[in-house]
Amino acid sequence: NAGVTQTPKFRILKIGQSMTLQCTQDMNHNYMYWYRQDPGMGLKLIYYSVGAGITDKGEVPNGYNVSRSTTEDFPLRLELAAPSQTSVYFCASSGSHEQYFGPGTRLTVT
Amino acid sequence: DAKTTQPPSMDCAEGRAANLPCNHSTISGNEYVYWYRQIHSQGPQYIIHGLKNNETNEMASLIITEDRKSSTLILPHATLRDTAVYYCIVRVVSNQFYFGTGTSLTVIP
């Protein structure tokens with residue numbers, strides 16, 4: 001099993017650009033999550049999904065969108081990048097309890 | 001809002017037990033307590049979880065007070081590789097996990 005994979009690993013965006021962060025899991029987990037982590041801070045939940053076709057907002061959803069068309073994939077969309085979205089983004093999936101995290105995407109918006 | 005409170009940092013001598021406290025005074029009866037750790041900038045790693053009873057696995061032990069308002073993660077024999085940020089998390093019924101700022105544990109040789 002590859003577990004949770006995220007692409008890209010690094011990205012630099014200009015203000016106003018758009019991009020999609022990809023997340024895929026091969027553990028057949030129903031639950032998937034997107035977090036962001038700012039320097040020296042803990043993780044903040046952006047969006048989560050309890051199954052294909054079902055998504056919901058977390059603590060900090062503004063400026064982001066998600067979709068969950070399959071069990072495996074949970075992409076995160078940034079429509080109009082802003083400097084405040086400079087952060088490390090982690091995707092995670094879980095079955096009944098343990099969350100498995102991807103390696104993260106380091107995004108810089110300038 | 002984070003539902004847990006942890007000390008920002010702790011030190012522990014190598015080979016000794018590391019006891020990491022966590023307060024979760026607003027926890028509801030059906031909410032679990034989870035512990036994760038994050039080494040450098042890697043994705044967090046699951047350690048252990050519990051609801052009411054004390055739990056033990058190959059990595060650590062989790063002691064939850066009877067009123068469930070606090071818990072302690074115990075690493076029985078800390079090694080240098082246990083140096084990390086440790087997060088105490090409450091999982092709410094909607095399956096959301098709320099991470100706080102964690103405790104930065106430094107294991108000293």
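Protein sequences, first through last, are from chains A and Y. Residue 84 in the numbering used here sits at position 84 of the first sequence, and the numbers go up by one each step. Residue 53 in the numbering used here sits at position 53 of the second sequence, and the numbers go up by one each step. Glycine is no exception: its CB is placed at the ideal position from the N, C-alpha and C atoms.
TODO: Pick helix, strand or coil for Y/Arg91, following the three-state DSSP scheme.
DONE: Strand.
Open item on the list: With a threshold of 8 angstroms between beta carbons, is Y/Pro44 in contact with chain A?
Closed with: Interface residue, yes.
Open item on the list: Check whether the segment 87 to 97 of chain A and the segment 16 to 33 of chain A touch, using three or more Cβ-Cβ pairs below 8 angstroms as the test.
Closed with: Short answer: they touch.
Task: Complete alpha helix (DSSP H) runs within the segment 34 to 61 of chain A (minimum length 4 residues, chain order) - done: The DSSP assignment places no complete alpha helix (DSSP H) segment of no fewer than 4 residues inside the segment 34 to 61 of chain A.
TODO: Could you confirm whether any beta carbon from chain C is found closer than 8 angstroms to the beta carbon of A/Leu21?
DONE: The structure shown contains no chain C; its protein chains are A and Y.
Task: Where Y/His40 falls, given that 16 or more other Cβ within 10 Å makes a residue buried - done: Label assigned to Y/His40: exposed.
- [ ] Report the neighbours of Y/His49 on chain A: residues whose CB is nearer than 7 angstroms to its CB, in chain order.
- [x] Result: His97.
Task: Interface positions of the segment 70 to 103 of chain A facing chain Y (Cβ-Cβ less than 7 angstroms), listed along the chain - done: Answer in chain order: Val88, Phe90, His97, Glu98, Gln99, Phe101, Gly102, Pro103.
TODO: Check the Cβ of A/Met41 against every Cβ in chain Y and list those closer than 8 angstroms, keeping chain order.
DONE: Near A/Met41 (Cβ distances below 8 angstroms), the residues of chain Y are Thr101.
- [ ] Would you grab the beta carbon distance between Y/Thr103 and Y/Pro7 for me? Rounded to a whole angstrom, and I think it's under 8 angstroms.
- [x] 5 angstroms between Cβ atoms; contact.
Task: Residue from Y/Val90, Y/Ile47, Y/Tyr46, Y/Asn23 whose Cα sits closest to the Cα of Y/Thr65 - done: When only C-alpha atoms are compared, the closest one is Y/Asn23.
- [ ] Could you say if the segment 59 to 73 of chain Y and the segment 20 to 35 of chain Y meet the contact criterion of at least three C-beta pairs nearer than 8 angstroms?
- [x] The segment 59 to 73 of chain Y and the segment 20 to 35 of chain Y touch, with no fewer than 3 CB-CB distances between them shorter than 8 angstroms.
- [ ] Leaving out five residues on either side along the sequence, give the residues of the same chain with a beta carbon under 8 angstroms from the beta carbon of A/Tyr100.
- [x] Answer for A/Tyr100: Gly3, Val4, Gln25, Met27, His29, Ala92, Ser93, Ser94, listed in chain order.
Open item on the list: Short of 8 angstroms in beta carbon distance, which residues of its chain neighbour A/Pro61, apart from the five on each side in sequence? Order them along the chain.
Closed with: Hits under 8 angstroms: Ile46, Tyr47.
Task: Buried versus exposed call for A/Gly16 [16 or more other C-beta atoms within 10 Å across all chains shown] - done: Under this definition A/Gly16 is an exposed residue.
Task: Straight-line gap, Y/Ile48 to A/Gln37 (C-alpha atoms, nearest Å) - done: So the two alpha carbons sit approximately 22 angstroms from each other.
Open item on the list: Using beta carbons (cut-off 8 angstroms, strictly below), is Y/Tyr86 in contact with chain A?
Closed with: Answer no: the Cβ-Cβ gap between Y/Tyr86 and chain A never drops below 8 angstroms.
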